[in-house]
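Data first, discussion second: the structure below is written as structure tokens.
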Amino acid sequence: MLKKILFLVALLLAQAAAAAEPAAKPAGDITLLTGRATAAGESGEIRSLEKGGTVYPGEMINTGPNSYLNIKFTDGGRVLLRPNSRFQIEEYAFTEAAGPGQSRSAGASPNVDAEPEGNALFRLLKGGFRAVTGLIGEKNRDNYKVRTPVATIGIRGTDFEARFCQGDCLDIDPAPRDGLYTGVFNGGIQLSNSAGTFDRDAGQYGFVPGFSAPAVGLKRRPRALAQDPMPDPEACD
208 MLKKILFLVA
218 LLLAQAAAAA
228 EPAAKPAGDI
238 TLLTGRATAA
248 GESGEIRSLE
258 KGGTVYPGEM
268 INTGPNSYLN
278 IKFTDGGRVL
288 LRPNSRFQIE
298 EYAFTEAAGP
308 GQSRSAGASP
318 NVDAEPEGNA
328 LFRLLKGGFR
338 AVTGLIGEKN
348 RDNYKVRTPV
358 ATIGIRGTDF
368 EARFCQGDCL
378 DIDPAPRDGL
388 YTGVFNGGIQ
398 LSNSAGTFDR
408 DAGQYGFVPG
418 FSAPAVGLKR
428 RPRALAQDPM
438 PDPEACD
């Protein structure tokens with residue numbers, strides 16, 4: 208009987224400790240969802256997403272066919288995902304330097320005497336997106352990166368798009384060559400892999416065929432991006 212009581216006490220203490228642990232801070236809010244999208248946490252549990260919901264660091268986000276998902280991150284940055292995309296928020300943390308009782312979400316200006324802190328590391332495994340960087344990209348450019356199977360995208364205060372094709376860009380006829388396609392609307396990006404680093408500025412496009420192959424410039428917007436062009440994420444709320 209005593210053993211049973213001790214077991215129940217230990218169980219209650221464990222549950223209380225778990226309940227006392229702080230919940231993970233959201234990375235951002237879903238401002239637009241057309242169709243269906245899910246998020247899988249580090250535990251593997253899958254949940255359906257909806258407009259007005261939140262996404263968290265570590266989650267793998269999947270968009271279904273004909274489905275678009277727009278995320279507004281806590282630093283003010285945006286990511287608009289294409290249909291049939293697989294995109295992970297690998298790491299995300301943001302602390303804003305706001306004045307007393309003020310916050311960016313409330314429309315107040317940050318404290319000019321202090322700098323916000325944060326980092327954003329994303330991973331694109333499938334599909335594509337258009338992104339507008341927020342305060343992390345503005346104040347800590349080296350702390351914002353998007354990893355893909357063939358290159359890592361770094362930024363310089365940027366509005367850019369990317370699409371990764373691996374035999375699955377079936378909405379384009381004829382199908383484009385496999386690899387990573389990028390375009391820059393504002394600012395600039397860096398495409399880095401084992402072959403080196405390649406810069407692209409506003410109005411320029413790039414292509415990376417493989418991790419050990421150098422990135423190359425494209426003279427015009429590639430079909431992988433021109434087909435079903437992505438609008439400005441800031442206009443999609």
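Numbering-wise, the sequence shown is residues 208 to 444 according to our numbering. Backbone N, C-alpha and C define an ideal beta-carbon position, used for all residues, glycine too. As the structure is a computational prediction, the values presented were derived from the model and not from experiment.
Original post:
Any chance the stretch 391-399 sits against the stretch 431-438, with 3 or more Cβ pairs inside 8 Å?
Top reply: no
Original post:
Out of Gly260, Arg330, Tyr351 and Asp385, which has the shortest C-alpha to C-alpha gap to Leu240?
Top reply: On the sequence shown, position 33 is the one that residue 240 refers to. Considering only alpha carbons, the answer is Gly260.
Subject >> Residues that Leu432 bridges to, as DSSP identifies them >> reply: The residue you call residue 432 lines up with position 225 of the sequence shown. None; Leu432 has no bridge partner.
**OP:** Specify, as a first and last residue, the run of the beta strand (DSSP E) that Glu345 falls within.
**Re:** Locating residue 345 in the sequence shown gives position 138, where the first residue counts as 1. Unbroken run through Glu345 is the alpha helix (DSSP H), Leu342 to Lys346; no beta strand (DSSP E).
**OP:** State buried or exposed for Arg257, treating a residue as buried only when at least 16 other CB atoms are found within 10 Å of its CB.
**Re:** For the purposes of this step, residue 257 is identified with residue 50 of the sequence shown, where counting begins at 1. With the sequence shown as reference, residue 257 is identified as Glu, and Arg is not the correct amino acid for it. Answer is exposed; the Cβ neighbour count stays below 16.
**OP:** Could you check if Asp366 is buried or exposed, using at least 16 other CB atoms within 10 Å of its CB as the buried criterion?
**Re:** As a first step, residue 366 is located in the sequence shown; it is residue number 159 there, counting from the start. Counting Cβ neighbours within 10 Å, Asp366 comes out buried, since at least 16 surround it.
Subject >> Residue of Gly251, Arg348 and Gly334 minimising C-alpha distance to Gly325 >> reply: Within the sequence shown, the letter at position 118 stands for residue 325. With distances taken between Cα atoms, Gly325 lies closest to Arg348.
**OP:** Tell me whether Ser250 is buried or exposed, calling it buried when 16 or more other Cβ atoms sit within 10 Å of its Cβ.
**Re:** As a working note, residue 250 is residue 43 in the sequence shown. With fewer than 16 Cβ atoms within 10 Å of its Cβ, Ser250 is classed as exposed.
Subject >> Neighbour-count burial assignment, Ser274, 16 or more Cβ in a 10 Å radius >> reply: Looking up residue 274 in the sequence shown gives position 67. Result: buried.
**OP:** Hey, could you find the ends of the beta strand (DSSP E) Phe294 is sitting in?
**Re:** If you number the sequence shown from 1, residue 294 lands on position 87. Run containing Phe294: Arg293 to Thr302, per the beta strand (DSSP E) assignment.
**OP:** Would you please state the rounded distance, in angstroms, between the beta carbons of Pro264 and Ile296? I believe it to be under 8 Å.
**Re:** To locate residue 264, count along the sequence shown from 1; it is residue 57. To locate residue 296, count along the sequence shown from 1; it is residue 89. Confirmed, Cβ separation roughly 5 Å.
Original post:
Opposite Phe336 in the DSSP bridges: which residues?
Top reply: The residue you call residue 336 lines up with position 129 of the sequence shown. Its beta-bridge partners are Leu288 and Ala369.
Original post:
On the three-state DSSP scale, how would you describe Leu324?
Top reply: Here residue 324 refers to the residue found at position 117 when the sequence shown is read from its first residue. For clarity, residue 324 is Glu in the given sequence; the question names Leu instead. It is a strand residue.
**OP:** Give me the Cα-Cα distance between Arg427 and Gly390, rounded to the nearest whole angstrom.
**Re:** Looking up residue 427 in the sequence shown gives position 220. Looking up residue 390 in the sequence shown gives position 183. The straight-line gap from Cα to Cα measures roughly 10 Å.
**OP:** Output the distance between the C-alpha atoms of Gly413 and Tyr388, rounded to the nearest integer angstrom.
**Re:** The residue given as residue 413 occupies position 206 in the sequence shown. The residue given as residue 388 occupies position 181 in the sequence shown. Straight-line Cα distance between these residues: approximately 6 Å.
**OP:** Please confirm whether Ala244 and Thr270 have their CB atoms less than 7 Å apart.
**Re:** Taking the first residue of the sequence shown as 1, we reach residue 244 at position 37. Taking the first residue of the sequence shown as 1, we reach residue 270 at position 63. Yes.
Original post:
Thinking just about the alpha-carbon of each residue, which of Gln411, Ala422, Leu276 and Phe371 is nearest to the one in Phe161?
Top reply: Outside the shown range of the chain (208 to 444) lies residue 161, about which nothing can therefore be said.
Original post:
Under a Cβ-count criterion, where at least 16 other Cβ atoms within 10 Å of its own Cβ denotes burial, should Thr302 be classed as buried or exposed?
Top reply: Counting from 1 along the sequence shown, the entry for residue 302 is found at position 95. Answer is exposed; the Cβ neighbour count stays below 16.
**OP:** From the DSSP output, read off the bridge partner residues of Val353.
**Re:** Translated into positions along the sequence shown, residue 353 becomes position 146. According to DSSP, Val353 bridges with Phe329 and Ile360.
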